[in-house]
Amino acid sequence: MNKPEPPPRVRFAPSPTGSLHVGGARTALFNWLFARGRGGTYILRIEDTDRLRSREDLSREIIAELGWLGLDWDEGPVFQSRRGELYLPPAERLLEAGLAYRSEPDPEGRTAIILRVEPEEITVFDRVYGKITVAGSELKDIVLIKSDGSPAYNFACAVDDHEMGITHVIRGDDHLPNTPKQILLYRALGWGPPVFAHLPLILGADKTPLSKRHGATSLKAFREAGILPDALVNYLALLGWSPGGDREIMTGEELVREFSLKKVNRKAAVFDHQKLVWMNGRYIQAAAPEELAERLRPLLAGTEWESASPEKLQSVISLLGHRLKTLADFTDLAGFCLEGEIGYDPEAVAKHWAGEDTGEILAETREAIERAEPFTREGLEEALRAVVERRGIKAGALMQPLRVALTGRKDSPGIFEIVALLGREVTLDRLNRALVFLGKNS
RNA sequence: GACCCCGUCGUCCAGCGGUUAGGACACAGGCCUUUCAAGCCUGUAACACGGGUUCGAUCCCCGUCGGGGUCGCCA
Numbered sequence: 000m001n002k003p004e005p006p007p008r009v010r011f012a013p014s015p016t017g018s019l020h021v022g023g024a025r026t027a028l029f030n031w032l033f034a035r036g037r038g039g040t041y042i043l044r045i046e047d048t049d050r051l052r053s054r055e056d057l058s059r060e061i062i063a064e065l066g067w068l069g070l071d072w073d074e075g076p077v078f079q080s081r082r083g084e085l086y087l088p089p090a091e092r093l094l095e096a097g098l099a100y101r102s103e104p105d106p107e108g109r110t111a112i113i114l115r116v117e118p119e120e121i122t123v124f125d126r127v128y129g130k131i132t133v134a135g136s137e138l139k140d141i142v143l144i145k146s147d148g149s150p151a152y153n154f155a156c157a158v159d160d161h162e163m164g165i166t167h168v169i170r171g172d173d174h175l176p177n178t179p180k181q182i183l184l185y186r187a188l189g190w191g192p193p194v195f196a197h198l199p200l201i202l203g204a205d206k207t208p209l210s211k212r213h214g215a216t217s218l219k220a221f222r223e224a225g226i227l228p229d230a231l232v233n234y235l236a237l238l239g240w241s242p243g244g245d246r247e248i249m250t251g252e253e254l255v256r257e258f259s260l261k262k263v264n265r266k267a268a269v270f271d272h273q274k275l276v277w278m279n280g281r282y283i284q285a286a287a288p289e290e291l292a293e294r295l296r297p298l299l300a301g302t303e304w305e306s307a308s309p310e311k312l313q314s315v316i317s318l319l320g321h322r323l324k325t326l327a328d329f330t331d332l333a334g335f336c337l338e339g340e341i342g343y344d345p346e347a348v349a350k351h352w353a354g355e356d357t358g359e360i361l362a363e364t365r366e367a368i369e370r371a372e373p374f375t376r377e378g379l380e381e382a383l384r385a386v387v388e389r390r391g392i393k394a395g396a397l398m399q400p401l402r403v404a405l406t407g408r409k410d411s412p413g414i415f416e417i418v419a420l421l422g423r424e425v426t427l428d429r430l431n432r433a434l435v436f437l438g439k440n441s
């Protein structure tokens, strides 16, 4: 019944005139999901025909960030600029057929090759938007080869897509108006056009298209902010697409399995940084400390953590647990785990060291910790709770002053875990220092 | 301005002629608790408007309004 469709060939074709931002990443992702879900081929093509604005370093960055996201390609990267020979023959063919003409020479005597467009109605069947009809009178003649000899975008695009055997062109909504022109190009050249599918735009919170003004929108920035690639992929997949129903947290495999162009939205979506961070937190919770430590390491360059051992990193990550929403939170939350003196947050001191018996409690706590056996989370809990019991105080009356003594702050992970991680020596040092501080201030 | 596209909670999505319009983020309250988180429970909150079609419209059609995209020898 169903015609067996040949496996699709799709491409992501960024131009290296800026960093890869989340909009481009989502386009890449949808192409990738489409190809992977149907046993197709995903190709990376760098559209660097703009000789003035294209930058080689940006090409490299885009390729690297795509790799980081985990969107591996099967062919390429193909650089459009290195395919110069490809474009002239079909343009000349159109010239000979009388379908194209040469422009008036520019001041330097160079001419462009331009396709003559007849005023006829063009219909595009878009996989996402459906049927779109444009009056031919809306279209102007189309430049094929620019005066400088390089191919113009629409022409290069059509020639490349045809030559590379692209079956489905999945790209940003902003290309929708280009599509009738490209269809005309295919028609003139006698080629069968690919299937087109346009993706809705991604907007900033102010509903304007995402740009630098909206802060960190490049993949590089997200990576450096400690967003995990899997979390970003998951979040991006749900921006403009849904599998139907209420599913949200999905593995890459599930996304591949469920993805279909049919369920892609037509409405521009606002990028919600908060939700991405929430989702990232979920991925951090689910990830192994070893993996997190590895991902964290590059972010620690130049900090006091630079030389920390993998084991140390892992144990601190485990201690912090789901308090980490992004890997970048690490340095802020983990400061007290570094050896050396800690600073006291004045608010924490005012709130938890104000009691008259604080010094007494901490002194007794010190003795309990000196003697605690075994020196484990459980052993410590038992020892400290015994102090609470003996003094007939509320648990918080001990835990909070102790927290300030060990971390300098009002909030932290569980205090028994902290003592266990810090070790007896560091803990006692910090307690002694706290007692000196209290003595001076009472 | 012309052409094209879009319009469900603040945001992302579900819905596909009959629903108490559902979930998630965010927000508020509660439980838990050594703090902060996390977790669990509860709550606030939407079909842009006006006409049709229909026994019945969030859903189909038309218009209005609102938002966006494109109109380069840029990609």
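When we follow numbering that gives the first Met the number 0, the leftmost residue of the first sequence carries the number 0, and every step to the right adds one.
Virtual Cβ for every residue (Gly too), placed ideally from N, Cα, C.
Neighbourhood of residue i by C-beta, 6 Å cutoff - its chain only, sequence neighbours within 5 removed
i	result
Arg35	Val255
Thr166	Pro7, Arg8 and Pro193
Arg52	Thr16
CA-to-CA distance, residue j to residue i, given in whole angstroms
i	j	result
Glu103	Thr110	6 Å
Asp160	Leu337	55 Å
Ala353	Asp205	46 Å
Pro179	Ala285	46 Å
Glu223	Leu85	39 Å
Arg126	Ala27	17 Å
Arg265	Arg429	59 Å
Leu427	Gln399	16 Å
Trp31	Arg10	8 Å
Leu434	Trp67	49 Å
Asp73	Val21	22 Å
Asn177	Asn153	7 Å
Gly23	His272	17 Å
Ala12	Asp71	14 Å
Glu64	Leu57	10 Å
Gly422	His213	44 Å
Thr406	Gly334	8 Å
Thr330	Ile414	19 Å
Thr40	Phe258	16 Å
Glu252	Pro297	27 Å
Phe280	Pro106	Going by the sequence as given, residue 280 is Gly instead of Phe. Distance between the alpha carbons of Gly280 and Pro106: 60 Å.
Gln449	Asp245	The chain is shown from 0 up to 441; residue 449 falls before or after that span and cannot be answered.
Gly378	Glu346	30 Å
Glu91	Val232	43 Å
Own chain residues within Cβ distance below 8 Å of residue i, not counting five before or after
i	result
Asn1	Here the model assigns Asn1 a pLDDT of 48, short of 50, so the residue's position is not dependable and the matter cannot be decided.
Ala292	Pro309, Leu312, Gln313 and Ile316
Lys274	Tyr234
Arg101	Leu94, Thr110, Ala111, Ile112 and Ile113
Residues that residue i bridges to, as DSSP identifies them
i	result
His167	Val9 and Val194
Thr48	Partner(s): none; Thr48 has no beta bridge.
Ile121	Val133
Glu74	Ile42
Ser217	His20
Trp240	Val263
Tyr100	Ile113
Pro208	Leu202
Pro150	Ile144
Ala268	Ile201
Beta-carbon proximity check, residue i vs residue j, cutoff 7 Å
i	j	result
Pro208	Leu218	no
Val454	His351	Shown here, the chain extends from 0 to 441; a query on residue 454 therefore has no answer.
Val386	Glu372	no
Glu416	Leu260	no
Leu397	Ile360	yes
Asp344	Arg408	yes
Ser18	Glu46	no
Leu202	Asp172	no
Tyr473	Ala236	Within the shown structure, residues of the chain are numbered from 0 to 441, placing residue 473 beyond reach of any answer.
Pro118	Ser136	yes
Leu93	Ala187	yes
Leu138	Val116	yes
Thr48	Ala155	yes
Residues near residue i in its chain [Cβ-Cβ closer than 7 Å; skip 5 each side]
i	result
Arg37	Pro6 and Pro7
Ala466	Outside the shown range of the chain (0 to 441) lies residue 466, about which nothing can therefore be said.
Ser314	Leu420
Val508	Because the chain in this structure spans residues 0 to 441, residue 508 falls outside the shown range and cannot be described.
Whole-number beta carbon distance between residue j and residue i, since they are thought to touch under 8 Å
i	j	result
Ala99	Leu143	6 Å
Ile141	Phe33	Not really, about 28 Å apart at Cβ, beyond 8 Å.
Arg443	Gly239	The requested residue 443 is not part of the displayed model; the chain covers only 0 to 441.
Pro484	Arg54	One cannot answer for residue 484 here, as it falls past the ends of the chain, which runs 0 to 441.
Gly358	Leu295	At roughly 38 Å, the Cβ-Cβ gap does not stay under 8 Å, so Gly358 and Leu295 are not in contact.
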